[in-house]
Amino acid sequence: MRFVLRLLMTIALALGIGFGLSSFALTDGRLFGGSAIGPWASWPDAGASEPNPYTRAHLTREAALPLGRSEGLQFLATSDSSGRPLTRACAYRLVGHVPVSTFWTLVAVDENWINLAAPDANAALRSSEIARDSDGAMTLHIGTRLAPGNWLELVGDGPFSLALTLYDTTAFSGFGAGNDTMPTITRGACS
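The following block contains the structure:
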């Protein structure tokens with residue numbers, strides 16, 4: 064009887080560890096095909112003709128239709144640069160550069176990928192429409208309260224994610240210096 068009990072406990076432990084590691088691999092993925100630069104995470108093989116098994120499983124789980132490898136790459140941030148989850152109760156400031164790309168867009172989405180931009184505001188910030196500093200760096204403000212300069216106005220409350228899509232990019236290709244820089248996300252005032 065003792066043998067059977069130990070066997071069942073071993074099987075339960077093995078299944079728990081196996082399912083836990085599988086869930087981690089498909090959501091975070093940094094050790095299994097995903098890449099992260101600060102709070103920004105991406106799956107570089109998502110647009111490949113033959114993605115690795117972990118990327119394929121992640122795409123299936125998310126029911127995602129990624130851009131082709133030569134078309135672009137999407138980064139997702141669910142937390143600020145300090146690791147705190149993004150919430151619409153706070154204002155955020157993105158500062159810095161993005162990897163070399165022809166064009167990029169930044170949108171705020173909820174867990175169901177519904178755009179959270181205010182109805183009368185732009186649905187996304189676009190690289191062609193923002194003001195930059197003299198060194199080419201950008202400063203973007205995101206939140207429900209008015210901010211100066213480049214501002215993405217959000218509505219509602221609760222958590223959100225930022226999706227930065229780079230089109231025709233050399234990110235993760237190894238060409239050029241500075242391709243591994245992403246804007247920092249700094250939390251401002253919270254209500």
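Heads up, my numbering is the position in the sequence shown plus 63, with the first residue counted as 1. In this text, a Cβ means the ideal position worked out from N, Cα and C, and glycines have one as well.
Can you tell me which of the three DSSP states residue i falls into?
i	result
E216	strand
G81	helix
T73	helix
Using a Cβ-Cβ cut-off of 6 Å (strictly less than) and excluding sequence neighbours within five positions of residue i, which residues of its own chain qualify?
i	result
R189	T168
E216	A181, A184
S254	A152
L157	L203, P246, I248
S224	L139, T141, V172
In the DSSP assignment, find the beta strand (DSSP E) that holds residue i and state where it starts and stops.
i	result
S98	98 to 100
S224	224 to 232
S105	103 to 105
T247	247 to 253
Closer than 7 Å by C-beta to residue i: which residues in its own chain qualify, once you throw out the five before and the five after it? Chain order, please.
i	result
T102	A quick correction: the sequence has Pro, not Thr, at residue 102. Counting only Cβ-Cβ distances below 7 Å, and skipping sequence neighbours, we find A140, S142, D143, S144, I248.
W214	H204
A194	G212, N213
D220	R151, A152
R208	A154
I177	none
For residue i, I'd like the list of residues in its chain whose CB is within less than 8 Å of its CB, leaving aside the five on either flank, ordered along the chain.
i	result
P222	T141, P148, L149, T150, R151, D173, E174
T244	I100, G159, H160, V161, P162
L76	none
G237	Unreliable placement is indicated for G237, whose pLDDT of 49 sits below 50; no coordinate value is reported for it.
G135	G110, S164, T228, L229, Y230, D231, T232
Exercise. Counting only runs that start and end within the region 133 to 213, where is the beta strand (DSSP E) found for 3 or more residues in a row?
Worked result: Listed in chain order, they are 135 to 140, 153 to 159, 164 to 172, 201 to 206.
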